[in-house]
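These notes concern the structure reproduced below.
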Amino acid sequence: MATSAVAEGQQSLNGIISDPQSKNLTDLPTELLEHILCFPVLKNVDICNVSCCCKRLHDVCHERGKVWGHQYKLRWPRLQRFYRQNECCDWLREYKTRHRVGIQIRRTVESISKRFFTEVRSVTQPCVGQVLGDSFAEIESLGMPEHFCEDELLFILNSEKR
């Protein structure tokens with residue numbers, strides 16, 4: 048039978064020795080955790096995953112708004128001019144709203160091509176203006192500020208994935 052040598056003051060759990068002096072990530076100060084979570088390689092999905100780990104990390108991600116404010120600024124840098132420097136803002140709410148608008152606009156833009164080719168086959172004269180007009184009416188019906196929509200359309204145009 049194998050025995051493990053465990054020093055006094057240490058507990059063995061399934062062969063893993065835990066040091067009572069060891070520190071956890073959640074033991075770090077809030078400001079340091081925020082700094083880590085604002086690292087530019089982290090995306091919104093990463094922040095969502097971290098915030099689901101435990102209450103402490105959830106609070107760090109959501110309470111002061113620094114982490115979601117950073118995510119917003121990374122994703123939509125051109126929209127920063129519409130916010131005052133010291134303005135108190137619910138960045139998570141802003142991020143969610145802006146993200147949803149982006150999804151709707153991308154869906155609309157993707158459907159333009161499908162609708163255009165469907166109408167070209169069904170009529171002898173393609174009605175490009177009607178397809179585009181309907182599409183932009185859909186975007187306007189989102190009820191979002193023009194700068195949100197304009198920024199998303201520019202993002203799509205400049206995207207390498209188009």
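If you want my numbering, it's the position in the sequence shown, counting the first as 1, plus 47.
From the three backbone atoms N, C-alpha and C, an ideal C-beta is built for every residue, glycine too.
No experiment lies behind these values; they were computed from the predicted model shown.
Quick check on the burial criterion: 16 or more other C-beta atoms within 10 angstroms. Buried or exposed for residue i?
i, result
"MET48", "Interpretation of MET48 is limited by its pLDDT of 48, a score under 50 that renders its predicted location unreliable; the figure taken from the coordinates is listed afterwards. Exposed, by the Cβ-count rule."
"GLY149", "buried"
"ASP198", "buried"
"THR155", "buried"
"SER206", "exposed"
"CYS136", "exposed"
"SER98", "buried"
Which of helix, strand or coil does DSSP assign to residue i?
i, result
"SER69", "coil"
"SER206", "coil"
"CYS196", "helix"
"ARG131", "coil"
How would you write the range of the alpha helix (DSSP H) that residue i sits in, first residue to last?
i, result
"ASP137", "Segment: none, ASP137 is in no alpha helix (DSSP H) and carries neither H nor E."
"TRP115", "113-122"
"GLU81", "77-84"
"LEU104", "102-109"
"ASP93", "91-98"
Between residue i and residue j, is the Cβ-Cβ spacing less than 8 Å?
i, j, result
"GLN118", "ASN91", "yes"
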